[in-house]
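Working notes, beginning with the structure itself.
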Amino acid sequence: MKKLSARRRHPLAAVVVLLLALAATGGLYAAFAPASKAQADDTAQSLAIDEGKKLYSVGCASCHGTGGQGTTDGPSLVGVGSAAVDFQVGTGRMPAQQPGAQVPKKKVIYTQAEIDQLAAYVASLGAGPIVPTKDQVSPDGADIAKGGELFRTNCAQCHNFTGEGGALTKGKYAPSLEDVDPKHVYEAMQTGPQNMPSFPDTTMPEQQKRDIIAYIKTVNSAESETPGGLKLGGLGPVSEGLFAWIFGLGALIAVAVWVAAHTAKAKKS
Amino acid sequence: MSTATTNTSGAAAPGNRKAPAGERVADWADGRLGIYSLAKANMRKIFPDHWSFMLGEIALYSFIIIILTGVYLTLFFHPSMNEVVYHGSYEPMQGIRMSEAYASTLDISFDVRGGLLVRQIHHWAALIFLAGMFVHMMRVFFTGAFRKPREINWLFGFLLFVLGMFTGFTGYSLPDDLLSGTGVRFTQGAILSMPIVGTYISMFLFGGEFPGGDFVARFYSIHILLLPGIMLGLLVAHLILVFYHKHTQFAGPGRTNKNVVGMPLLPVYMAKAGGFFFLVFGVIAVIAAIASINPIWAIGPYRPDQVSTGAQPDWYMGFAEGLIRVMPGWEINLWGHTLVLGVFIPLMAFGLVLAIIAVYPFVESWVTGDKREHHILDRPRNAPTRTAFGVAWITEYVIVFIGGGNDLWATHFHLSLNAISWFVRIFIFVGPVVAFIVTKRICLGLQRRDKEKVLHGRESGIIKRLPHGEFVEIHEPLGPEQLHTLTAHEQYKPVEIGPTVDENGVERKVPAMQKLRAKLSKGYFGEHNQIEKPTVEEYKEITSGHGHH
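Chains as they are written, first to last, in the working numbering: chain A, 4 to 272; chain B, 734 to 1282.
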C-alpha cells in the first residue's frame, strides 16, 4: 500500500485510474450486455426491415401512421408482432379496401417475401407474437378428438360446430375456416385479429392449437369426408329445412301433379 | 253380401265343384270379418282427381315411412344418459366422453348396416311429413274445405300438425348431441319463463336440475310411444271422417254439392295411392341417399358448457326460434321474482298464432251464419277475405321464420344481424296487414277478370281493323262448361243488424257481438269486398248484341 500511496500524486495517476475505470466498465459491459442484434448493419434481418419499412410507407402508413404508431383510421402496430402481419396481409385482409364492420378476406397482393419483410419491420417496432414454424402448425400426430372438444368449447360459439362461420352483431362475422392455411389459423389464435379474442400460449398451449388445427382439417377442408352425402353447407337445420321444402316437397308435389294428370281411362261400368 | 255368399256356395254344391281358392279365402274371411259389406260400401267409393288432393297423401305416406324406419332405429338406439367413452369407428370422436344415447347414434351412423341411410330417411321423412301437413292444411284452408261438415276433421288435422311438431322435437333431442342439447336447453328456458308453474314443470320434466340424467329416456317414451300413438289414433279418425264425409271437389259441370265425380277407390285409387306411396318412399330415399341430415358426428356430444353458433331447430320449430330471437330481453322484477317477458311473450305468441288458424273455421261459420253442408270447394279468389287472412297468416309465419335464421341471413346476404332483427320486429306487425290488403285486391281483381271473361268472352289475340280504321280485339265467347265453372260459386249477402230504432223511435239494444258480426260480415261480403258475379240477365243482355264493346 505504501507504494500505491506514494505514487498517488504522480502526474499520471489520474490517467491510470481513468484507464482502469474505463477498462472495467467496458469489460463489464462486454461481459453482461445482451448479445446485441443491432450490432451488424448489413445482416439479412436489417435489410428485411429496411425493405419492409419501404413497403410499409407505401401500403400501410396512411392508416397506421408513418412509424406504426396508429392514427384515427388504424390501430398502433407496436407490439402486434410478425404473426399479426403474416395473418392480416397473408390472408389479404390488409391493406384494407375500405372501412366497414369488418375487413374481409380477399386476394393477397403481396408475395410471401414481401409479407416477411413487412412482418420484420413491424416486429422491429416492438416485441410480439412471431410467425410459427412449419412444425408448430403441423397437424401430424395431433389429437383430433381433443381438438374437437377444444374447438367446441372455445371456437364453435362463433365459428359453428365445424368452422363454417357465423354471424356477429352489426354486420360483423366469424369467417368460415374451410381450407384456411394452418399457419393462419395458428396466427389468428395467437394474435386475435379483429373481433376474435386471442388465445396466447399461456391460455392455450401450442399442442392444443395443433389439435384444433388437426380437427378443422379433418372436418372442414377439401379432404374431409361427409359420410352422409352432401353436407348442405354444414349449416344445420336451416339449410336442411330449405332442402326438404324445395327438393323434398317440391319433388313430391311434382310427382303428385304427374300422377293426378295421368288418370285412368276407365270404362264406365 | 250374404246373398252372394249363399249363391256361390249353392252353385258350387250341386256340381260338387270347389270354388276357386281365392273365393274360398274371401268367403272364410267374410264369415268372420264381414268384409263383403265393407268392400261393397267402400270399394266403389269415388275420389275426385286433383293434384292438390294428394298433398295429404304425401303426409300420410311419409308418416308411414317414419314409423317403418323408426322401428329399425329403436333396435339399435340406447335411450340412456350414462356416460361412456367412445371407441367406435369414427376417428374424430375417439376417447371422448359422451352419453350412451349419443354413442349409440354414432354406432347407428357408422357401425350398423344401413343405419345411416335409415337415420337419414327417418329425419328427411320427418321434415317432409311436417311440410306435407303444412301445405295440405293450407290447401284445405284456401279452398274452404274446412266448412261444415268438416270442422272437426280440420281440428284433427291441426292437432296432428301440432303433435307432429312435438314428436319431431323430441326425436331431434334424442341423440343428445350439442345441437339437440341446445334445443332442449332452449325449451327448458321457455318452460322456466312460465310464471309460478315454470320451475315445477322443469323440475318434473327433467327429474331435477337441467340436464339431469333422465330426459333422453323420458323423451324416448314420448317420441316413440305416447305421441305417435295419439297421432296414429287421430290419423285413423281423420281418414275415417274423410270416407264418411266423402271428398270435396272443385266446381265444374256435372259436379254438385250432392255428388262426387271421379274414379272409384278400387281399382283406380288403390293403384294410384299404392303407387304414390312407393314414389314418395323413393323420392325420400333418394334425398336421404344424396344429402346428409343432422350429422351428429360433426356436431359433437352435448355438454352444457358448450354451444355453437347457428344452433337452430328443425324447420317446424323455426317459428318459435324466430319469436325468441327477435324479442327484446324485457323482464319484470317484483318482490324477488322475475317475469322473463323476453321469453314468456314469445311462448304465448307461439300458441296464439297456432290457435288463430285452428279456430278460423268456427269464426267464419259464425260470421256467415251458414249452417248448410259444403262439398264444393271455393276457388281462393272467390273468398277474398278468407284468402287474404290465410296469406296474412303465412306472411306472419314466414317473417318470424326469417328471424329464426337471422344469423344465416346476415352471413349469406352480408346484412347486419341487428337490422334483420329490427326488420322482423316491425314487419311482424306490418307484414300481415300489407299482405292482407294486397291479397284482397288481387282476389278482387281476379274476380273482375272472371266476370269480364263470362260477359265478354276470352281475348282471342286476333286484332281486327274496322272499315273506319279502328282496331278491335276479337273476344271469343266461353263455352258452357267454362261459364258454369266461373259462375258456380255462391255469394253471401252481408248480415244486417236492421234498424236500431223501432217504429216508435225507441232505441233497440243490439248486443256487441251482433254488431261485431255485422261489421265482420260487411268486411267479408260488403260492397267493395266481393265482386258480384254476373247474372243471367246481364249475360243475356250483352250476348244479345246490345251492349257489345
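Ideal Cβ placement from N, Cα and C applies to all residues, glycine included.
Quiz item: In the DSSP assignment, what residue or residues form a beta bridge with Ser832 (chain B)?
Solution: If you number the second sequence from 1, residue 832 (chain B) lands on position 99. Answer is B:Glu816.
Exercise. Pick helix, strand or coil for Val106 (chain A), following the three-state DSSP scheme.
Key: For the purposes of this step, residue 106 (chain A) is identified with residue 103 of the first sequence, where counting begins at 1. DSSP places Val106 (chain A) in coil when its eight states are reduced to three.
Quiz item: Since Val19 (chain A) sits in a beta bridge, which residues does DSSP pair it with?
Solution: Taking the first residue of the first sequence as 1, we reach residue 19 (chain A) at position 16. Note: Val19 (chain A) sits in no beta bridge, so no partner.
Quiz item: From this set, A:Ala26, A:Gly151, A:Ala170, which residue's C-alpha is nearest Ala1149 (chain B)'s C-alpha?
Solution: Here the question's residue 1149 (chain B) lines up with position 416 in the second sequence. Ala is not the amino acid found at residue 1149 (chain B); the sequence shown has Ser there. Residue A:Ala170 is the option with its Cα nearest to Ser1149 (chain B).
Quiz item: In terms of residue numbering, what span does the alpha helix (DSSP H) encompassing Leu958 (chain B) cover?
Solution: Residue mapping note: residue 958 (chain B) aligns to position 225 of the second sequence, counting from 1. Per DSSP, Leu958 (chain B) belongs to no alpha helix (DSSP H) and is neither H nor E.
Self-check item: Contacts of Thr229 (chain A) in chain B (Cβ-Cβ under 9 Å)
Solution: The count along the first sequence starts at 1 and reaches residue 229 (chain A) at position 226. Within chain B, the C-beta atoms nearer than 9 Å to that of Thr229 (chain A) come from Ser1025, Pro1028, Ala1031, in chain order.
Quiz item: How long is the line joining the alpha carbons of Ile1090 (chain B) and Phe1169 (chain B), rounded to whole angstroms?
Solution: Stepping through the second sequence from its first residue, residue 1090 (chain B) is reached at position 357. Stepping through the second sequence from its first residue, residue 1169 (chain B) is reached at position 436. The straight-line gap from Cα to Cα measures roughly 15 Å.
Practice problem: Run down chain B in chain order and give the residues with a C-beta less than 8 Å from the C-beta of Glu152 (chain A). | Solution: The sequence position of residue 152 (chain A) within the first sequence is 149, counting from 1. Within chain B, the residues near Glu152 (chain A) are Ile829, Gly1033.
Practice problem: For Trp1155 (chain B), decide whether its Cβ has a neighbour in chain A, counting only Cβ atoms nearer than 8 Å. | Solution: For the purposes of this step, residue 1155 (chain B) is taken as the residue at position 422 of the second sequence. No, Trp1155 (chain B) does not count as interfacial toward chain A.
Quiz prompt | Any 3 or more C-beta pairs closer than 8 Å across the region 940 to 947 of chain B and the region 1045 to 1065 of chain B | solution = no
Quiz item: Who are the neighbours of Ala254 (chain A) on chain B, taking C-beta pairs under 7 Å?
Solution: As a working note, residue 254 (chain A) is residue 251 in the first sequence. Those are Val1016, listed as they occur along chain B.
Quiz prompt | Leu1074 (chain B): CB within 7 Å of a non-hydrogen atom of the ligand NAD | solution = Among the components modelled here there is no ligand, and therefore nothing to report on the ligand NAD.
Quiz item: Quick one: what does DSSP say His1070 (chain B) is sitting in, helix, strand or coil?
Solution: For this step, residue 1070 (chain B) is matched to residue 337 along the second sequence. The answer is strand: DSSP assigns His1070 (chain B) an E or B state.
Quiz item: Assuming Leu892 (chain B) and Phe952 (chain B) make a contact with CB atoms under 8 Å, what is their CB distance in whole Å?
Solution: By 1-based counting over the second sequence, the position of residue 892 (chain B) is 159. By 1-based counting over the second sequence, the position of residue 952 (chain B) is 219. About 20 Å; that fails the 8 Å criterion.
Quiz item: Hey, would you say Leu860 (chain B) sits closer than 8 Å to Gly251 (chain A), going by beta carbons?
Solution: On the second sequence, residue 860 (chain B) is found 127 positions in, with the first residue counted as 1. On the first sequence, residue 251 (chain A) is found 248 positions in, with the first residue counted as 1. Yes; because the gap between Cβ atoms is below 8 Å, this pair is in contact.
Quiz item: Helix, strand or coil: which one does DSSP assign to Lys1266 (chain B)?
Solution: The sequence position of residue 1266 (chain B) within the second sequence is 533, counting from 1. In this structure, Lys1266 (chain B) counts as coil in the three-state DSSP scheme.
Practice problem: Please decide whether Pro1037 (chain B) counts as near chain A, where near means a Cβ-Cβ distance under 8 Å. | Solution: Numbered from its first residue, the second sequence carries residue 1037 (chain B) at position 304. It does not; no Cβ of chain A falls within 8 Å.
Quiz item: Would you say Asn163 (chain A) faces chain B, with C-beta separation under 8 Å as the test?
Solution: Counting from 1 along the first sequence, the entry for residue 163 (chain A) is found at position 160. By this cut-off, Asn163 (chain A) is an interface position.
Quiz prompt | Cβ-Cβ distance between Pro1267 (chain B) and Leu1188 (chain B) below 8 Å | solution = Translated into the one-based positions of the second sequence, residue 1267 (chain B) becomes position 534. Translated into the one-based positions of the second sequence, residue 1188 (chain B) becomes position 455. Inclusion of Pro1267 (chain B) and Leu1188 (chain B) in the CB contact set at 8 Å is warranted, their separation being smaller than that value.
Quiz prompt | For Val134 (chain A), three-class secondary structure by DSSP | solution = Here residue 134 (chain A) refers to the residue found at position 131 when the first sequence is read from its first residue. In the structure shown, Val134 (chain A) sits in coil (DSSP, three-state: anything other than H, G, I, E or B).
Self-check item: Phe796 (chain B) beta carbon less than 8 Å from that of Phe862 (chain B)
Solution: In the second sequence, the residue the question calls residue 862 (chain B) occupies position 129. In the second sequence, the residue the question calls residue 796 (chain B) occupies position 63. Yes, they are a contact pair.
Quiz item: In terms of residues, what are the limits of the beta strand (DSSP E) holding Lys1197 (chain B)?
Solution: Position 464 of the second sequence, counting from 1, holds the residue named residue 1197 (chain B). Per DSSP, Lys1197 (chain B) belongs to the beta strand (DSSP E) from 1191 to 1198.
Exercise. Taking only runs that begin and end inside the region 897 to 980 of chain B, name each unbroken alpha helix (DSSP H) of 4 or more residues, in chain order.
Key: 911 to 925, 930 to 939, 948 to 954, 960 to 978
Quiz item: Taking 8 Å as the CB-CB cut-off, is Leu98 (chain A) touching chain B?
Solution: As a working note, residue 98 (chain A) is residue 95 in the first sequence. Strictly speaking, residue 98 (chain A) in this sequence is Pro, with Leu absent from that position. So, not an interface residue.
Quiz item: In the structure shown, what three-state DSSP assignment does Gln982 (chain B) receive?
Solution: Position 249 of the second sequence, counted from the first residue, corresponds to residue 982 (chain B). Looking at Gln982 (chain B) - three-state DSSP - the assignment turns out to be strand.
Quiz item: Considering only residues of the same chain and omitting the five flanking positions on each side of Phe875 (chain B), which have a CB-CB separation below 7 Å?
Solution: Sequence index remark: in the second sequence, residue 875 (chain B) carries index 142 (1-based). Closer than 7 Å at the Cβ level, and outside the excluded window around Phe875 (chain B), lie Pro1113, Thr1120, Gly1123.
Exercise. Starting from the C-beta of Lys220 (chain A), find all residues in its chain whose C-beta is less than 6 Å away, skip the five residues before and the five after it, and write them out in chain order.
Key: Translated into positions along the first sequence, residue 220 (chain A) becomes position 217. Answer for Lys220 (chain A): Pro142, listed in chain order.
Practice problem: Label Arg988 (chain B) either buried or exposed according to how many other C-beta atoms from any shown protein chain fall within 10 Å of its C-beta, with 16 as the threshold for buried. | Solution: Against the second sequence, residue 988 (chain B) aligns to sequence position 255. Under this definition Arg988 (chain B) is a buried residue.
Self-check item: Contact with chain B by Arg155 (chain A), beta-carbon distance below 8 Å
Solution: The sequence position of residue 155 (chain A) within the first sequence is 152, counting from 1. Chain B, which has a Cβ nearer than 8 Å to the Cβ of Arg155 (chain A), makes this yes.
Quiz item: Excluding five sequence neighbours on each side, which residues of the same chain lie with their C-beta closer than 6 Å to the C-beta of Ser1277 (chain B)?
Solution: By one-based count along the second sequence, residue 1277 (chain B) stands at place 544. So no residue of the chain qualifies.
Quiz item: Any Cβ of chain A within less than 8 Å of the Cβ of Leu788 (chain B)?
Solution: Stepping through the second sequence from its first residue, residue 788 (chain B) is reached at position 55. Closer than 8 Å: yes.
Practice problem: Please report how far the alpha carbon of Gln921 (chain B) lies from the alpha carbon of Ser935 (chain B), in whole angstroms. | Solution: Position 188 of the second sequence, counted from the start, is the residue given in the question as residue 921 (chain B). Position 202 of the second sequence, counted from the start, is the residue given in the question as residue 935 (chain B). Gln921 (chain B) and Ser935 (chain B): Cα-Cα distance of roughly 6 Å.
Exercise. Would you list, in sequence order, the uninterrupted beta strand (DSSP E) runs of no fewer than 3 residues that lie entirely inside the region 1069 to 1102 of chain B?
Key: 1070 to 1072
Exercise. Would you mind reading off the limits of the beta strand (DSSP E) that contains Ile52 (chain A)?
Key: The residue given as residue 52 (chain A) occupies position 49 in the first sequence. Looking at the DSSP string, Ile52 (chain A) is not in any beta strand (DSSP E); the run it does join, the alpha helix (DSSP H), is 47 to 62.
Self-check item: Spatial distance of Asp782 (chain B) from Gly789 (chain B) (CA atoms)
Solution: In the second sequence, counting from the first residue as 1, residue 782 (chain B) sits at position 49. In the second sequence, counting from the first residue as 1, residue 789 (chain B) sits at position 56. The C-alpha of Asp782 (chain B) lies about 13 Å from the C-alpha of Gly789 (chain B).
Quiz item: Between the region 132 to 147 of chain A and the region 207 to 224 of chain A, are three or more C-beta pairs nearer than 8 Å?
Solution: yes
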